[in-house]
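First residue of the sequence shown: 65, per our numbering; consecutive thereafter. Just so it is clear, CB atoms sit at the ideal spot from N, CA and C, and this is done for glycine as well. Computed from a predicted structure; not experimentally measured.
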Amino acid sequence: LLPSQQVQALPPSNKHPYGKCNTVLGCITTPLAVLVVQVHAVFALSTRGSALPANLSYPFLYVQCFAFVATPSQQPEVGMYTICHMFIENADGSRCQVGTIIPILDILHAVKLVPRYGVSANQDVTTETSLEVYDEFYLNSFSSKEFYYAIHDGL
Numbered sequence: 065l066l067p068s069q070q071v072q073a074l075p076p077s078n079k080h081p082y083g084k085c086n087t088v089l090g091c092i093t094t095p096l097a098v099l100v101v102q103v104h105a106v107f108a109l110s111t112r113g114s115a116l117p118a119n120l121s122y123p124f125l126y127v128q129c130f131a132f133v134a135t136p137s138q139q140p141e142v143g144m145y146t147i148c149h150m151f152i153e154n155a156d157g158s159r160c161q162v163g164t165i166i167p168i169l170d171i172l173h174a175v176k177l178v179p180r181y182g183v184s185a186n187q188d189v190t191t192e193t194s195l196e197v198y199d200e201f202y203l204n205s206f207s208s209k210e211f212y213y214a215i216h217d218g219l
């Protein structure tokens with residue numbers, strides 16, 4: 065068993081201009097897939113009125129998705145998965161980040177992402193803004209022993 069963890073999904077503020085939206089590893093069942101997502105909102109359906117079906121009685125998360133780009137075996141010098149924001153292209157040519165709603169029970173573990181800086185790091189980026197400024201990240205599988213074994217045995 066992994067220890068319980070707190071995940072934040074806070075709205076934009078002076079300190080957090082893009083909000084404070086943590087990243088997690090989730091497992092959806094239809095279709096079966098493991099994904100990395102950034103949590104933007106936590107909500108539950110109202111219990112007023114008619115009783116909810118059991119599968120709708122738990123909280124839900126609005127999340128934005130990441131796509132896996134490279135595995136540790138494809139980049140042994142890094143030893144981590146590379147992921148990027150997942151986008152779709154609109155009819156007018158603009159891009160929109162892919163989002164979805166998942167049950168909170170589908171969350172496996174909080175994860176840490178390390179921006180893939182490229183040749184040099186943007187000096188204006190902080191830990192509060194890096195998830196919104198950069199598009200590619202390393203999935204830090206070295207953040208805990210439990211997560212290392214979970215990700216290297218499970219993905």
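Taking A108 as the centre and dropping the five residues before and after it, the same chain places the C-beta of P123 closer than 6 angstroms to its C-beta, in chain order. Straight-line measurement puts the Cα of A97 at about 17 angstroms from the Cα of L203. The C-beta separation of L195 from L89 comes to about 15 angstroms, leaving the pair out of contact by the 8 angstroms criterion. Contact between I168 and L125 is confirmed by a C-beta separation of about 6 angstroms, below the 8 angstroms threshold. Membership of L203 in the beta strand (DSSP E) is indicated by the continuous run E200 to L203. Within the same chain, Cβ atoms closer than 6 angstroms to the Cβ of C85 are found at A73, Q102, V103 and H104, the five residues on either side in sequence being excluded.
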